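Protein chains in written order, with UniProt numbering: chain A, 1 to 117; chain B, 1 to 117. Note that the Cβ used here is the ideal one computed from N, Cα and C, for glycine as well. All values derive from a computational prediction rather than experimental measurement. Since the structure comes first, as structure tokens, the remarks are kept for the end.
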DNA sequence: CGAAAGCGTAACCTATAGGTTACGGGTTTG
DNA sequence: CAAACCCGTAACCTATAGGTTACGCTTTCG
């Protein structure tokens, strides 16, 4: 998912589709890169579910589907949300002044959460 | 910016740093890939401004800085926001039934390259 | 019905992202 | 003060992302 957004061309396509549905050709016309390149960008967007397509005659109309963005958006807001209980500062001190031996004694771990005091 | 989030390892690092600041070594310990690999991921995060570092003795403590995420978050919410004026459906019809000649008469656009973020 | 439009796919090329090992420079420790 | 730590960087290798041209299929038009 996130990789689909990583490319500037794809981000631009999504922005365009937010305003109105567009055919593959219409989209390609607005870029300088070749049409097959756009076609493959559209495929990435299709595979990631960010875009749906309807075949109308010999044209293929693309429209935006922002649904799959929800998890990413949640994660981002989670990151942006400030931690109000001051765990950050406490953790900073413990982290800074902890010695190597102390750290080693706990061994490598998955997501350990013990600094929540 | 968006490219910094595209990698799962970096996303995981950011998630870890949301809970508490961590030294480079601590971070590396939680992954199976080599420490230099983590070091370069941290560099990408540093260069994108998502992470700040304080040198404490021979250790380098990393902490999260979600500030640079704001533009991306805005863009994403913009995409997710529903267009209430029904422009979508109207646009769909015009798009579907418009002929090639009509489209051509508008000429190619110079939209390109605004999302270089 | 043959020609042209619209669009996806295949084959190919190049840049780069991400991994590894080897190394060096500042800092702490015994 | 020498040895061990912590951590970044350099050099190198490989997979893949993203671009191009060539091609084929389906649909429309004269």
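Going by Cα to Cα distance, which pick from the options is closest to residue i?
i: residue 24 of chain A; options: A:7, A:6, A:43; result: A:43
i: residue 81 of chain B; options: A:17, A:35, A:80; result: A:17
i: residue 21 of chain A; options: A:40, A:56, A:78; result: A:56
i: residue 59 of chain A; options: A:13, A:28, A:41; result: A:28
According to DSSP, is residue i part of a helix, a strand, or is it coil?
i: residue 47 of chain A; result: helix
i: residue 61 of chain B; result: strand
i: residue 23 of chain A; result: strand
i: residue 3 of chain B; result: helix
i: residue 9 of chain B; result: helix
i: residue 30 of chain B; result: coil
Residues in the same chain with beta-carbon distance under 7 Å from residue i, minus the five sequence neighbours each way, listed in chain order, please.
i: residue 54 of chain A; result: 61
i: residue 52 of chain A; result: 63, 65
i: residue 5 of chain B; result: 11
i: residue 8 of chain A; result: none
i: residue 46 of chain A; result: 53
Only counting the same chain, and skipping five residues up and downstream in sequence, which positions put a Cβ closer than 6 Å to that of residue i?
i: residue 49 of chain B; result: 68
Less than 9 Å between CB atoms is the rule here; does residue i satisfy it with respect to chain B?
i: residue 2 of chain A; result: yes
i: residue 45 of chain A; result: no
i: residue 11 of chain A; result: yes
i: residue 6 of chain A; result: yes
i: residue 71 of chain A; result: no
Closer than 9 Å, CB to CB, is residue i near chain A or not?
i: residue 49 of chain B; result: no
i: residue 15 of chain B; result: yes
i: residue 36 of chain B; result: no
With a threshold of 8 Å on Cβ separation, who are the neighbours of residue i within its own chain once the five nearest residues in sequence on each side are excluded?
i: residue 35 of chain B; result: 24, 25, 28
Throw me the rounded Cβ distance for the residue i and residue j pair, which I believe falls under 8 Å.
i: residue 79 of chain A; j: residue 79 of chain B; result: At roughly 18 Å, the Cβ-Cβ gap does not stay under 8 Å, so residue 79 of chain A and residue 79 of chain B are not in contact.
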